[in-house]
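Remember, the working numbering sits 4 above the position in the sequence shown when you count from 1. Just so you know, even glycine gets a beta-carbon here, dropped at the ideal spot from N, CA and C. All of these numbers come straight from a predicted model, not from anything done at the bench. Written out below as structure tokens is the structure these notes cover.
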Amino acid sequence: MAGPGDLEREGQARRLETLGGIAAEVAHDFGNLLTLLLGQAELLRRELSANPAHEARLSAIVRAIEKGRSLVERLLGSARGVLPQRGARDLNSAVSEMIALLAPVLGDRFPIQTRLSPGAGTVRIGPGRVEQVILNLVLNARDAMPGGGTIHLETIPGRLRAALLVSDQGTGISAAIGERIFEPFFTTKVMGKGTGLGLSSVRRIAEEAGGSVSAESSAGGGTTFRVELPVGPPTPGDPPSAPTRPARETAAPSTILLVEDEESVRVLVKGFLEEEGHAVFEARSGDEAIEILGHAAPPVGLLVTDVNLPGVSGIDLARRLLARRPGLRVLFISGLGEQALSATDRLWAGVRVLAKPFTPGELALAVREVLAESRRG
Numbered sequence: 005m006a007g008p009g010d011l012e013r014e015g016q017a018r019r020l021e022t023l024g025g026i027a028a029e030v031a032h033d034f035g036n037l038l039t040l041l042l043g044q045a046e047l048l049r050r051e052l053s054a055n056p057a058h059e060a061r062l063s064a065i066v067r068a069i070e071k072g073r074s075l076v077e078r079l080l081g082s083a084r085g086v087l088p089q090r091g092a093r094d095l096n097s098a099v100s101e102m103i104a105l106l107a108p109v110l111g112d113r114f115p116i117q118t119r120l121s122p123g124a125g126t127v128r129i130g131p132g133r134v135e136q137v138i139l140n141l142v143l144n145a146r147d148a149m150p151g152g153g154t155i156h157l158e159t160i161p162g163r164l165r166a167a168l169l170v171s172d173q174g175t176g177i178s179a180a181i182g183e184r185i186f187e188p189f190f191t192t193k194v195m196g197k198g199t200g201l202g203l204s205s206v207r208r209i210a211e212e213a214g215g216s217v218s219a220e221s222s223a224g225g226g227t228t229f230r231v232e233l234p235v236g237p238p239t240p241g242d243p244p245s246a247p248t249r250p251a252r253e254t255a256a257p258s259t260i261l262l263v264e265d266e267e268s269v270r271v272l273v274k275g276f277l278e279e280e281g282h283a284v285f286e287a288r289s290g291d292e293a294i295e296i297l298g299h300a301a302p303p304v305g306l307l308v309t310d311v312n313l314p315g316v317s318g319i320d321l322a323r324r325l326l327a328r329r330p331g332l333r334v335l336f337i338s339g340l341g342e343q344a345l346s347a348t349d350r351l352w353a354g355v356r357v358l359a360k361p362f363t364p365g366e367l368a369l370a371v372r373e374v375l376a377e378s379r380r381g
């Protein structure tokens with residue numbers, strides 16, 4: 005017979021599974037939206053590039069969209085328990101940048117005070133993870149002071165670890181609650197006001213990086229969270245902290261079948277593919293794609309398809325078409341990235357995945373690489 009602990013763990017597992025499904029749905033819809041925004045921003049950039057003021061505004065829009073892309077990746081990673089690869093981040097810079105974003109949102113009721121040590125240095129942690137820690141702890145501090153109050157952030161250097169301290173002026177945490185605050189889904193907030201995932205995410209991020217998190221609190225004296233993270237520069241082979249933009253090149257013209265149920269994204273992607281010199285057939289569903297491919301002339305050399313399609317999925321569509329045309333190349337476009345495919349699917353010859361949202365340059369690069377593999381094969 006299952007005990008109370010077993011039932012609680014089973015309930016947490018079910019909630020995490022549900023959260024993963026919700027994250028996948030959000031990533032799909034948000035990926036389409038950001039892909040559209042990135043594409044339209046690129047079109048505006050081409051038309052307005054002669055005006056420096058327009059260029060500055062468009063660059064700000066693109067930076068905001070890139071942050072949205074990073075948010076989607078973190079959402080999926082958190083829901084599936086997958087954290088990004090190692091990287092490095094200047095701790096003081098991360099704090100300063102997040103404060104600049106959060107201060108206008110928090111307003112005058114929650115002023116932020118900082119004490120940043122010049123020697124805090126660089127911490128060894130995956131891209132965007134310091135920002136996620138700061139965000140969760142600052143929002144937790146805000147919620148601990150419903151009447152308003154000052155939020156304090158401090159950085160402290162160390163030989164092996166640097167520390168980030170986030171303090172509030174709330175009523176404090178009792179000993180009984182303090183033992184559970186880092187548990188997934190544990191929350192003292194009323195229903196609908198909290199998920200209980202904020203502090204557990206902070207602990208998971210810190211421990212995955214080789215660090216730790218702790219809390220000190222006293223009745224009526226507020227609470228201080230202390231996050232310690234390993235310091236040091238990135239080692240060879242670490243990924244860059246920000247994505248690099250591929251140079252614009254043109255692939256040899258090919259005939260492409262584009263399958264995307266979101267009309268605005270389909271029209272945009274088709275336009276960019278045609279700019280590269282490709283002939284493009286478009287379809288709104290897997291069934292429509294199968295019908296088109298049966299009549300396409302000249303033969304289609306590349307299938308570009310969303311994974312989540314009404315009716316026949318993009319993966320099932322690729323399986324059917326590859327069975328009929330073994331030389332067909334496939335480029336999946338998906339809000340889930342590589343997670344959209346199983347280990348077996350990733351072994352198909354000539355199959356690539358381009359994560360949404362993507363820029364026109366990233367699309368052109370992916371198409372060029374897939375077609376280059378086709379020519380080598």
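*What are the complete beta strand (DSSP E) segments, minimum 3 residues, inside the stretch 136-171?*
Listed in chain order, they are 155-160, 165-171.
*Per DSSP, residue 337 forms a beta bridge with which residues?*
As a first step, residue 337 is located in the sequence shown; it is residue number 333 there, counting from the start. BP columns for residue 337 point to 310, 358.
_residue 167 and residue 233 - do their beta-carbons sit closer together than 9 Å?_
Within the sequence shown, residue 233 is the residue found at index 229, counting from 1. Within the sequence shown, residue 167 is the residue found at index 163, counting from 1. Taking 9 Å as the Cβ cut-off, residue 233 and residue 167 qualify as a contacting pair.
*Near residue 152, what residues of its chain come up, given a Cβ to Cβ distance below 7 Å and the 5 sequence neighbours on each side ignored?*
Position 148 of the sequence shown, counted from the first residue, corresponds to residue 152. Hits under 7 Å: 113, 114.
*Identify the residues that DSSP records as bridge partners of residue 263: which are they?*
Translated into the one-based positions of the sequence shown, residue 263 becomes position 259. According to the DSSP secondary-structure assignment, residue 263 is paired through a beta bridge with 287, 309.
_Distance check for residue 310 and residue 37, CA to CA, integer angstroms please._
If you number the sequence shown from 1, residue 37 lands on position 33. If you number the sequence shown from 1, residue 310 lands on position 306. For residue 37 and residue 310, the distance between alpha carbons rounds to 14 Å.
*Kindly list the residues whose CB is nearer than 6 Å to the CB of residue 217, restricted to its own chain and excluding five residues on each side of it in sequence; keep chain order.*
Within the sequence shown, residue 217 is the residue found at index 213, counting from 1. Cβ within range, chain order: 206, 207, 210, 231.
*Alpha carbon to alpha carbon, how far is residue 332 from residue 276?*
To locate residue 332, count along the sequence shown from 1; it is residue 328. To locate residue 276, count along the sequence shown from 1; it is residue 272. One C-alpha to the other measures close to 21 Å.
_Beta-bridge pairing of residue 175 - partner residues as DSSP gives them_ = On the sequence shown, residue 175 is found 171 positions in, with the first residue counted as 1. Within the DSSP bridge table, the entry for residue 175 names no partner.
*asked:* Under DSSP, the beta strand (DSSP E) around residue 234 begins and ends at which residues?
replied: Taking the sequence shown and counting its residues from 1, the one referred to as residue 234 is at position 230. Here the beta strand (DSSP E) through residue 234 covers 227-234.
*Looking at C-alpha atoms only, which residue of 338, 185, 292 is the closest neighbour of residue 203?*
Taking the sequence shown and counting its residues from 1, the one referred to as residue 203 is at position 199. With respect to the C-alpha of residue 203, the residue from 338, 185, 292 having the closest C-alpha is 185.
_Classification of residue 105 by the beta-carbon crowding that lies within 10 angstroms, buried from 16 upward_ = Within the sequence shown, residue 105 is the residue found at index 101, counting from 1. Around the beta-carbon of residue 105, fewer than 16 other beta-carbon atoms lie within 10 Å, marking it exposed.
*Determine the DSSP secondary structure at residue 129, reduced to helix, strand or coil.*
In the sequence shown, counting from the first residue as 1, residue 129 sits at position 125. Here residue 129 sits in coil by DSSP.
*Return the residue from the list 162, 337, 283, 288 that minimises the CA-CA distance to residue 257.*
The count along the sequence shown starts at 1 and reaches residue 257 at position 253. The closest CA to that of residue 257, considering only 162, 337, 283, 288, is found on 283.
*residue 222: first and last residue of the uninterrupted beta strand (DSSP E) it sits in*: Translated into the one-based positions of the sequence shown, residue 222 becomes position 218. No beta strand (DSSP E) holds residue 222; DSSP gives it neither H nor E.
*Using a Cβ-Cβ cut-off of 7 Å (strictly less than) and excluding sequence neighbours within five positions of residue 138, which residues of its own chain qualify?*
The count along the sequence shown starts at 1 and reaches residue 138 at position 134. These residues qualify, in order along the chain: 98, 99, 102.
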